[in-house]
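Chemist: This structure is in structure tokens; I'll ask about it shortly.
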Amino acid sequence: EDKVVQSPLSLVVHEGDTVTLNCSYEVTNFRSLLWYKQEKKAPTFLFMLTSSGIEKKSGRLSSILDKKELFSILNITATQTGDSAVYLCAVVRDDKIIFGKGTRLHILP
Amino acid sequence: DTGVSQDPRHKITKRGQNVTFRCDPISEHNRLYWYRQTLGQGPEFLTYFQNEAQLEKSRLLSDRFSAERPKGSFSTLEIQRTEQGDSAMYLCASSLAADSTVTDTQYFGPGTRLTVL
Chain A
24 EDKVVQSPLS LVVHEGDTVT LNCSYEVTNF RSLLWYKQEK KAPTFLFMLT SSGIEKKSGR
84 LSSILDKKEL FSILNITATQ TGDSAVYLCA VVRDDKIIFG KGTRLHILP
Chain B
96 DTGVSQDPRH KITKRGQNVT FRCDPISEHN RLYWYRQTLG QGPEFLTYFQ NEAQLEKSRL
156 LSDRFSAERP KGSFSTLEIQ RTEQGDSAMY LCASSLAADS TVTDTQYFGP GTRLTVL
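Protein sequence lines, in the order shown, are assigned to chains A and B.
Position in the first sequence counted from 1, then plus 23, gives you our numbering.
Position in the second sequence counted from 1, then plus 95, gives you our numbering.
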């Protein structure tokens, strides 16, 4: 059965810290891996990863995929209170997306 | 606003009633997806359309659930004889698929929060 597992499920850090969120997957017919940020509304798109070893960056956020070990990480440096959210990892297979349960990140001021 | 829109944003109903939700995708997107999300869980895939054709339905979608996209634009999701377990956020997303190449990024609407009393 296809599955996407995120860890940790929740994380509390202080503003300015760096965090690493993990996503491992077992999915047949893998096409791509997506990261989303979800606050008190619908998920918003962050990154799409299709190739191993190529880092995607957007400001303080970066992500990389390892297709051999079947995992991805999302890094956030110099965290700010506005980074508090649930971060969702999702794997696209065929024409369907399978989501993990998310990592709830809380940044303390 | 040219993003995905959903209506209503909130719906409270009594058990046994029927409810219908609407989703308007991004105008040039030909794929439309429905998800259900409960507290502490990631979104769960329900069904998706390419244009007006419903191409896949999850086994989560019981016979009480039906979705349509009659003209390949907006879609409706109907739940008949609602149960308390149907209480959840119902998310709609759209994406663009051109020929055999699928643009995998899905853009989500704000969701419809359903509460069944």
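Ideal placement from N, C-alpha and C gives every residue a C-beta, glycine not left out.
For A/Thr63, decide whether its Cβ has a neighbour in chain B, counting only Cβ atoms nearer than 8 Å.
Modeler: The sequence given here has Lys at residue 63 of chain A, not Thr. It does not: the Cβ of A/Lys63 has no partner Cβ on chain B nearer than 8 Å.
Chemist: Which chain A residues are close to B/Tyr185, counting only those with a beta carbon under 7 Å from its beta carbon?
Modeler: Ordered by position in chain A, no residue passes the 7 Å Cβ test against B/Tyr185, which lies about 11 Å from the chain.
Chemist: Closer than 7 Å, Cβ to Cβ, to anything on chain B: give me those residues from the segment 74-97 of chain A, in chain order.
Modeler: Going along the segment 74-97 of chain A in chain order, one finds no residue with a Cβ nearer than 7 Å to chain B.
Chemist: Any idea if A/Asp117 is buried or exposed, counting beta-carbon neighbours within 10 angstroms, 16 or more meaning buried?
Modeler: Answer is exposed; the Cβ neighbour count stays below 16.
Chemist: CA-CA distance, A/Pro31 and A/Thr51?
Modeler: Whole-angstrom Cα-Cα distance: 24 Å.
Chemist: For a quick check, are the C-beta atoms of A/Asp25 and A/Ile120 less than 8 Å apart?
Modeler: Going by C-beta atoms, A/Asp25 is not nearer than 8 Å to A/Ile120.
Chemist: Which residues in chain B have a C-beta closer than 7 Å to the C-beta of A/Gly123? List them in chain order.
Modeler: What A/Gly123 touches in chain B: Gly137.
Chemist: Which value, in whole angstroms, describes the spacing of the CA atoms of B/Pro138 and B/Asn113?
Modeler: Roughly 22 Å separates the two Cα atoms.
Chemist: Going by C-alpha to C-alpha distance, which of A/Lys124, A/Ile87, A/Arg83 sits closest to A/Ala113?
Modeler: With distances taken between Cα atoms, A/Ala113 lies closest to A/Lys124.
Chemist: Given that a residue counts as buried once 16 or more other Cβ atoms are within 10 Å of its Cβ, and exposed if not, what is A/Ala101?
Modeler: A/Ala101 should be labelled exposed.
Chemist: Taking DSSP's pairing of strands, which residues face A/Ser95 in a bridge?
Modeler: According to DSSP, A/Ser95 bridges with A/Cys46, A/Leu88.
Chemist: Whole angstroms are fine: how far does the CA of A/Lys90 sit from the CA of B/Ser195?
Modeler: Because B/Ser195 carries a pLDDT of 46, less than 50, the predicted location of this residue cannot be relied on, and no value is offered for it.
Chemist: Would the segment 36-45 of chain A count as touching the segment 101-121 of chain B if we require 3 or more Cβ pairs under 8 Å?
Modeler: Not touching, per the Cβ criterion.
Chemist: Does A/Phe53 get closer than 8 Å to chain B when you measure Cβ to Cβ?
Modeler: No, because no Cβ of chain B sits closer than 8 Å to the Cβ of A/Phe53.
Chemist: Across which residues does DSSP place B/Glu151 in a beta bridge pair?
Modeler: Paired residue(s): B/Tyr143.
Chemist: With DSSP as the reference, label B/Asn113 as helix, strand or coil.
Modeler: Of the three classes helix, strand and coil, the one that applies to B/Asn113 here is coil, per DSSP.
Chemist: For B/Ile107, list the residues DSSP reports as bridge partners.
Modeler: DSSP, once it has assigned bridges, lists B/Thr210 as partnering B/Ile107.
Chemist: When you compare each of B/Leu141, B/Tyr130, B/Thr97, B/Tyr143 to B/Ile121 by their alpha carbons, which one comes out closest?
Modeler: Nearest option by C-alpha distance: B/Thr97.
Chemist: Whose C-alpha, out of B/Val99, B/Ser100, B/Gly111, is nearest the C-alpha of B/Leu212?
Modeler: Ranking the options by Cα distance to B/Leu212, first place goes to B/Gly111.
Chemist: Along chain B, which residues have their Cβ under 7 Å away from the Cβ of A/Ile120?
Modeler: Chain B residues near A/Ile120: Phe140, Gln201.
Chemist: What is the DSSP secondary structure of B/Gln179, reduced to helix, strand or coil?
Modeler: If DSSP states are grouped into helix, strand and coil, B/Gln179 belongs with the helices.
Chemist: Apart from the five residues just before and just after A/Leu56, which ones in its own chain have a Cβ nearer than 6 Å to its Cβ?
Modeler: The residues are Leu72, Leu88, Ser95, Val114.
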